[in-house]
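Below is one structure, written out as structure tokens; the observations come after it.
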Amino acid sequence: MALKKGSSSIQKLIEEKKKNKSVHSIIEKLIPTILLLTAVISVLTTFGIVFTLIFETFTFFTKVSFIEFITSKKWYPFSETQGSYGILPLVSGTLRVTLIAIIVAVPIGLASAIFLSEYAHENTRRIIKPILEVLAGIPTIVYGFFALTFVTPILREFIPQLEIFNALSPGIVIGIMITPMIASLSEDAMSSVPNSMREGALALGSTKFEVSMKVVLPAAISGIVASIVLAVSRAIGETMIVAVAGGSTPTWGWDVTGSIQTMTAYIVQVSTGDAGYGTTIYYSIYAVGMTLFVFTLVMNLLAQYIAKRFREVY
Amino acid sequence: MKLIDHSKVVKNMAPRLLWNQVFKVIFFIATLFGLFVLGILLYRIFTQGSGYLSLDFLQNLPSRKPERAGIKTALIGTVWLVGVVAPVSLLIGVGTALYLEEYAKKSRFTDFIQVNISNLAGVPSIVFGLLGLTLFVRAFALGTSVLAAGLTMSLLVLPVIIVASQEAIRAVPNELREASFGMGATKWQTIIRVVLPAAIPGILTGGILALSRAIGETAPLVVLGLPLFIAFLPKTVFDTFTVLPMQIYNWTSRPQEEFHALAAAGIIILLVMLIIMNSIAVLIRNKFQKRY
Numbered sequence: 001m002a003l004k005k006g007s008s009s010i011q012k013l014i015e016e017k018k019k020n021k022s023v024h025s026i027i028e029k030l031i032p033t034i035l036l037l038t039a040v041i042s043v044l045t046t047f048g049i050v051f052t053l054i055f056e057t058f059t060f061f062t063k064v065s066f067i068e069f070i071t072s073k074k075w076y077p078f079s080e081t082q083g084s085y086g087i088l089p090l091v092s093g094t095l096r097v098t099l100i101a102i103i104v105a106v107p108i109g110l111a112s113a114i115f116l117s118e119y120a121h122e123n124t125r126r127i128i129k130p131i132l133e134v135l136a137g138i139p140t141i142v143y144g145f146f147a148l149t150f151v152t153p154i155l156r157e158f159i160p161q162l163e164i165f166n167a168l169s170p171g172i173v174i175g176i177m178i179t180p181m182i183a184s185l186s187e188d189a190m191s192s193v194p195n196s197m198r199e200g201a202l203a204l205g206s207t208k209f210e211v212s213m214k215v216v217l218p219a220a221i222s223g224i225v226a227s228i229v230l231a232v233s234r235a236i237g238e239t240m241i242v243a244v245a246g247g248s249t250p251t252w253g254w255d256v257t258g259s260i261q262t263m264t265a266y267i268v269q270v271s272t273g274d275a276g277y278g279t280t281i282y283y284s285i286y287a288v289g290m291t292l293f294v295f296t297l298v299m300n301l302l303a304q305y306i307a308k309r310f311r312e313v314y
Numbered sequence: 001m002k003l004i005d006h007s008k009v010v011k012n013m014a015p016r017l018l019w020n021q022v023f024k025v026i027f028f029i030a031t032l033f034g035l036f037v038l039g040i041l042l043y044r045i046f047t048q049g050s051g052y053l054s055l056d057f058l059q060n061l062p063s064r065k066p067e068r069a070g071i072k073t074a075l076i077g078t079v080w081l082v083g084v085v086a087p088v089s090l091l092i093g094v095g096t097a098l099y100l101e102e103y104a105k106k107s108r109f110t111d112f113i114q115v116n117i118s119n120l121a122g123v124p125s126i127v128f129g130l131l132g133l134t135l136f137v138r139a140f141a142l143g144t145s146v147l148a149a150g151l152t153m154s155l156l157v158l159p160v161i162i163v164a165s166q167e168a169i170r171a172v173p174n175e176l177r178e179a180s181f182g183m184g185a186t187k188w189q190t191i192i193r194v195v196l197p198a199a200i201p202g203i204l205t206g207g208i209l210a211l212s213r214a215i216g217e218t219a220p221l222v223v224l225g226l227p228l229f230i231a232f233l234p235k236t237v238f239d240t241f242t243v244l245p246m247q248i249y250n251w252t253s254r255p256q257e258e259f260h261a262l263a264a265a266g267i268i269i270l271l272v273m274l275i276i277m278n279s280i281a282v283l284i285r286n287k288f289q290k291r292y
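Chains as they are written, first to last, in full-length UniProt numbering: chain U, 1 to 314; chain V, 1 to 292.
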């Protein structure tokens with residue numbers, strides 16, 4: 001169109017184009033900076049978490065001695081006369097629940113992973129995997145409700161001394177919650193073991209079970225262990241299930257039939273209570289949160305290290 | 001010399017085959033266990049809660065009398081929360097993904113951002129609550145408002161959106177970009193008119209999954225100090241509010257059976273919302289996903 005109008009309008013077009021270009025070049029220069037700013041927000045979030053926890057925990061330790069915090073087996077923050085802040089009972093509660101969860105989740109999760117990766121037909125896998133994902137997507141408060149109103153009453157039929165709030169029921173339910181995670185991540189690890197290795201073992205006369213246990217499992221072990229460590233981290237940080245079904249009695253020991261309190265459940269208890277801003281109890285949730293954060297961070301880093309360091313490359 | 005003792009092999013054959021069959025069944029049962037639990041869970045919650053499900057339940061304000069209690073405030077509150085989380089987390093998440101995939105050169109800094117994102121995904125949600133309590137509720141003085149809760153939740157689901165968007169952007173083939181550059185388009189024009197439209201189904205799928213996580217999360221909101229019982233609706237983002245999981249938590253933690261039934265009814269509503277959202281995600285993935 002422009003060509004028909006003669007050369008002068010073409011010059012005009014070029015002029016206009018040049019003008020537009022300057023607008024464009026400003027946009028082109030601005031956009032990367034704006035996008036970089038959004039990317040920095042995720043880094044700032046991490047710094048925010050670390051600084052918040054360190055700062056408020058520091059304030060907490062001006063009121064309570066650090067030695068008492070990590071060695072005392074008494075956690076009585078609500079005592080009027082002499083509050084006692086020893087984190088060990090809360091850690092013990094968390095570890096008991098986590099251990100039960102792992103005992104439930106590892107065998108079931110690994111067995112499902114082996115079935116899906118080695119035995120299941122492609123169509124079966126396509127049906128079962130999404131269902132496991134649904135199980136992983138259910139809100140934890142729903143699992144908490146399930147633990148309190150279904151699992152606990154059933155367990156009490158078999159174990160009469162079990163209290164209404166206990167470590168066993170939330171432990172089992174957290175185990176159910178993290179099973180899909182172990183199954184799915186381990187299945188990914190097993191599926192990436194090359195078929196030639198299976199075929200080699202089958203050609204030597206192995207049964208499918210022997211191939212799974214002696215060839216595929218060892219070859220995928222780094223991915224499997226990493227998935228278990230990640231699941232442990234999830235179980236440690238799980239909150240609503242233990243807050244609903246675990247109780248609020250910090251105890252030290254190995255008893256799983258009585259009421260307990262985990263680190264996360266303590267934070268919930270204080271948050272829903274009426275401890276005012278600036279009290280020792282208020283700062284104590286940051287100290288507990290810091291401990292929780294360190295536990296899960298170590299687990300996550302460990303999982304990454306295992307997945308990288310011990311990966312067999314084919 | 002014989003390398004294989006034939007009689008031994010024959011003798012071991014039967015038990016080996018037997019173990020093979022036995023474990024095949026065991027593995028299968030373990031896989032069914034998940035489906036079994038899911039079935040029981042849904043059945044229990046439905047039989048417990050269906051008695052309280054009615055239009056009144058959706059329209060009533062919460063009440064101390066179980067027969068008159070409803071979830072109106074919680075339901076509307078959840079919608080408000082999504083209204084804040086969706087734009088904030090999508091803008092930041094997609095921006096980060098675009099920066100990392102399209103602009104960032106491989107450097108220590110980009111590696112650091114990437115590692116940081118995967119570590120952030122592993123931080124327990126309750127710790128995000130502590131961050132939100134210090135930063136948004138106290139330092140920014142937003143109180144237990146929709147905005148404070150929405151920003152906290154946005155940070156929580158950010159890693160999910162970033163990773164999903166990165167995968168979607170990475171899946172757009174380079175030929176498309178090169179064709180666009182060849183036509184004289186600038187980098188940003190290419191991104192906004194070629195890359196993003198091609199990646200949008202993947203981004204939306206990830207976004208919806210992230211939102212469904214935000215809807216179901218309880219722990220960070222408990223830490224922020226959101227009220228467990230509230231009888232009015234928020235009018236602006238600076239008003240206090242409550243959400244479905246908080247209401248369910250409130251009812252679950254009461255000893256009376258009637259409130260447990262109410263909690264179950266609330267859970268049914270929550271699960272229906274999640275199922276609808278996930279179905280939309282699957283639909284988008286199936287309908288718009290192009291394979292290059």
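Built from N, CA and C at the ideal position, the CB exists for glycine as well.
Owing to the predicted nature of the structure, the values given are computational and were not obtained by experimental measurement.
Distance between beta carbons of residue j and residue i, contact taken as under 8 Å
i              : j       : result
residue 314(V) : A121(V) : Chain V is shown from 1 up to 292; residue 314(V) falls before or after that span and cannot be answered.
I102(U)        : V123(V) : Rounded, the Cβ-Cβ distance is 20 Å, inconsistent with contact.
V243(V)        : L221(V) : 6 Å
L110(U)        : F293(U) : Between F293(U) and L110(U) the Cβ distance is about 28 Å, and since that is not below 8 Å, they are no contact.
D188(U)        : G223(U) : 7 Å
Collapsed DSSP secondary structure at residue i in the structure displayed
i              : result
W75(U)         : strand
T218(V)        : coil
S145(V)        : strand
residue 316(U) : Given a span of 1 to 314 for chain U in the structure shown, any question on residue 316(U) remains unanswerable.
T239(U)        : coil
S184(U)        : helix
T240(V)        : strand
S54(V)         : coil
S192(U)        : coil
S8(U)          : helix
S180(V)        : helix
residue 316(U) : Summary: the structure shown does not reach residue 316(U), with chain U confined to residues 1 through 314, and so no result is reported for it.
S84(U)         : strand
P245(V)        : helix
Contact check, residue i vs residue j, beta carbons under 9 Å
i       : j       : result
S154(V) : V84(V)  : yes
T264(U) : A243(U) : yes
A136(U) : M197(U) : no
Y52(V)  : A261(V) : yes
G144(U) : A245(U) : yes
S65(U)  : I87(U)  : no
V163(V) : S107(V) : no
L271(V) : I267(U) : no
F241(V) : L226(V) : yes
Residue burial classification, residue i (beta-carbon count within 10 angstroms, cutoff 16)
i              : result
P245(V)        : buried
W254(U)        : exposed
R234(U)        : buried
R96(U)         : buried
G175(U)        : buried
A2(U)          : Only weak support is given to the placement of A2(U): the predicted model assigns it a pLDDT of 46, under 50, and the question is left unresolved by the model.
S186(U)        : buried
N123(U)        : exposed
residue 324(U) : Since the first residue shown for chain U is 1 and the last is 314, residue 324(U) is missing from the structure and cannot be characterised.
L58(V)         : exposed
I215(V)        : buried
Y305(U)        : exposed
CB contact check: residue i to chain V, cutoff 9 Å
i       : result
A101(U) : no
G237(U) : yes
K214(U) : no
E157(U) : no
P32(U)  : yes
Y277(U) : yes
H121(U) : no
Y286(U) : yes
K308(U) : no
G48(U)  : yes
Cutoff 9 Å: residue i Cβ touching any chain U Cβ
i              : result
E178(V)        : no
K106(V)        : no
R68(V)         : no
Y52(V)         : no
K24(V)         : yes
residue 302(V) : Outside the displayed span of chain V (1 to 292) sits residue 302(V), for which this structure offers no information.
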